[in-house]
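First the structure, in the form of structure tokens, and then the observations on it.
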Amino acid sequence: MVRLADLPEWEREHMLGKIPNLPDFGIKAWVNGGRLAQRRVAIVTTAGLHLRSDRPFGQGAARCDYRVLPRGTPAADIVMTQLSTNFDRSGFQQDINVAFPIDRLNELATAGVIGSVADFHYSFMGAGSPVTRMEDKAREVAGLLKKDKVDAVLLTPV
Amino acid sequence: MREHAEAIRPPRSLWVPFVLGRPLGVPNDAAFQRRVVESALALLERPAGPVLEDYPEEAPAPEIDGDQEGMACPISFAADMSKATLLERVEAEISQLRVWHELAVQQRGRTATGVSGLSFEEAAAFAAARAEGRPLPPSRDDILPVDVLRLACDELKTFYSEAVMAQPGIHTVESIQDWFWGQTAAGELLFALHACTLKSADALEKHFAVNNLVPRRIRHTIGGESS
């Protein structure tokens, strides 16, 4: 479980050691939007997912890259090349929705809970610090989301 | 981590009490996943923030029977492997597990393997060569050699994980990891690779050894690493 109190001391120290390098977005990032039933929703994950035909994530400059996951991509064509070895992958191996809940979004759109599902979703490779190194690429993705008329994003970190 | 969300203060976040790697909680449980997604999306309609809310539902614990067999040692060799090399033992494991892996692919209609461009035997040989101190041969020109090595290792981990999950019995996140690293020749091979690459003069390869090969939990348990 991702509770600090449940972790062994060495893991607790590791997790707490990341905090000084984290950015603080704070209240300035707040934006109100329309009703959920009218929103167009995309997923952005840090699970290091990409199409089987894409170049895998890697070290060096490639750490800040992102990959595009078009809506309608079969689950069999989505793979994971996250660098971190410190999270469970057996869940993803059984069901991509445990990290990339695209089937759930499609169901919610059909049920009218959300307005629609974006045509394109995105994955970063979230391992490493500081996360601010991804800002340029994150702004690039934000621009692409706007062009897809997305006004709600579900972030799924692993 | 809740503490990370408290520090970053994103506009709206739902803290979930699940294992890292499973932000939606439970694989193959659409109803459970849907409750998590709906709870997260509901935060979009809050009028003021930042909002950091705790998701109240735990992922169900696996129902482990006390008589459960098969979690401890799913691989047993009929042939005498006592004189075999480590690579030969890994190849024998791959051969024995292949039927389970094929069953897993058949059941799920997909596999997370096949990313490195290497067969499982080639991935094992690639890792074994480096574990024996030989330099990495040129392989792919689209990614760094150290990333080919990482993908080869991940290929083995994924193959073993997918194969063992197809076997009868309950397989937890921890039991799969403990079995791979504690009871298989492939785990032994990757520990050997870890020992070799930790001493590497190549900064990226050393980074791989320190951060991307053996999970911290395994290094501190089976690996016997202290803080």
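If you're matching them up, the sequences are chains A and B in order.
Counting in the numbering used here, the first sequence tops out at residue 158, every number present.
Counting in the numbering used here, the second sequence tops out at residue 227, every number present.
The beta-carbon is built from N, C-alpha and C at its ideal position, and this holds for glycine as well.
What you are looking at is a predicted structure, and each value in this text was computed from that prediction instead of being measured.
In angstroms, rounded to a whole number, what distance separates the CA positions of Ala40(B) and Arg12(B)? 8 Å
Would you kindly report the start and end of the unbroken alpha helix (DSSP H) that includes Ala127(B)? 120-131
Please state the DSSP three-state secondary structure of Glu63(B). coil
In terms of residues, what are the limits of the beta strand (DSSP E) holding Arg40(A)? 40-45
Taking Cβ positions, are Arg71(A) and Ala152(A) nearer each other than 9 Å? no
Gly48(A) and Ser123(A) look like a contact to me (Cβ under 8 Å); what is the Cβ gap, rounded to whole Å? 6 Å
Against Gln183(B), what residues of chain A qualify as contacts under a CB-to-CB distance less than 8 Å, listed in chain order? What Gln183(B) touches in chain A: nothing, since even the nearest Cβ is about 16 Å away.
How would you list, in chain order, the residues of chain B whose beta-carbon sits under 8 Å from the beta-carbon of Leu49(A)? Going along chain B, no residue has its Cβ under 8 Å from Leu49(A), so there is no contact; the nearest lies around 10 Å.
Taking the CB atoms as reference points, tell me whether Arg63(A) and Leu83(A) lie closer together than 9 Å. yes
Is Met1(B) helix, strand or coil when you go by DSSP? coil
Just to make sure I have the definition right: I need the residues of chain B whose C-beta is within less than 9 Å of the C-beta of His14(A). Which are they? Arg216
Give, in chain order, every residue of the segment 113-125 of chain B whose Cβ lies closer than 9 Å to some Cβ of chain A. Thr113, Gly114, Val115, Ser116
Determine the DSSP secondary structure at His171(B), reduced to helix, strand or coil. coil
Per DSSP, Tyr122(A) is paired with what? Val44(A), Val68(A)
Sorted by chain position, which residues of the same chain lie with C-beta nearer than 6 Å to Arg140(B)'s C-beta, five sequence neighbours on each side aside? Val148
Limits of the beta strand (DSSP E) - the one that Thr156(A) falls within: 152-156
Helix, strand or coil, according to DSSP, for Ile218(B) in the structure here? helix
Check Val237(A) in the structure and name its three-state DSSP category. Because residue 237(A) is not part of the residues shown, which for chain A are 1 to 158, the question remains open.
Buried or exposed: Glu91(B), going by 16 or more other Cβ atoms within 10 Å of its Cβ? buried
Hey, is Thr21(B)'s beta-carbon within less than 9 Å of any beta-carbon in chain A? Before going on, a small fix: residue 21(B) reads as Gly here, not Thr. True, the Cβ-Cβ gap to chain A drops below 9 Å.
Where does Asp147(B) fall in DSSP's three states? helix
Closest to Gly114(B) by C-alpha separation, out of Pro56(A), Asp88(A), Gly91(A), Leu7(A), would be which residue? Pro56(A)
Considering only the alpha carbon of each residue, which of Val131(A), Asp136(A), Val141(A) lies closest to Asp24(A)? Val131(A)
Take the Cβ of Pro215(B) as the centre, count every other Cβ of all protein chains shown within 10 Å, and call the residue buried at 16 or more, exposed below. buried
Taking the straight line between their C-alpha atoms, what separation do you get for Lys146(A) and Gln167(B)? 46 Å
For Val79(A), which residues of its own chain have a beta-carbon under 6 Å away from its beta-carbon, when the five flanking residues on both sides are left out? Arg52
If we count the other Cβ atoms within 10 Å of its Cβ and call it buried at 16 or more, is Lys157(B) buried or exposed? buried
Unbroken stretches of the beta strand (DSSP E), 3 residues or longer, contained in the segment 25-60 of chain B: 51-54
Short of 9 Å Cβ to Cβ, which residues in the segment 15-40 of chain B face chain A? Trp15, Val16, Pro17, Phe18, Val19, Leu20, Gly21, Arg22, Pro23, Leu24, Gly25, Val26, Pro27, Asn28, Asp29, Ala30, Gln33, Arg34, Val36, Val37, Glu38, Ala40
Count the C-beta pairs between the segment 98-113 of chain B and the segment 173-191 of chain B that are closer than 8 Å, then say yes if the count reaches three, no if not. no
Skipping 5 residues on each side, what residues in its chain have a beta carbon closer than 8 Å to that of Gln177(B)? Pro215, Arg217, Ile218
What residues in its chain sit with their C-beta under 7 Å from that of Ser200(B), if we drop five residues either side in the sequence? Lys206, Ala209
Under DSSP, the beta strand (DSSP E) around Arg12(B) begins and ends at which residues? 12-15
DSSP three-state assignment for Leu136(B), whether helix, strand or coil: coil
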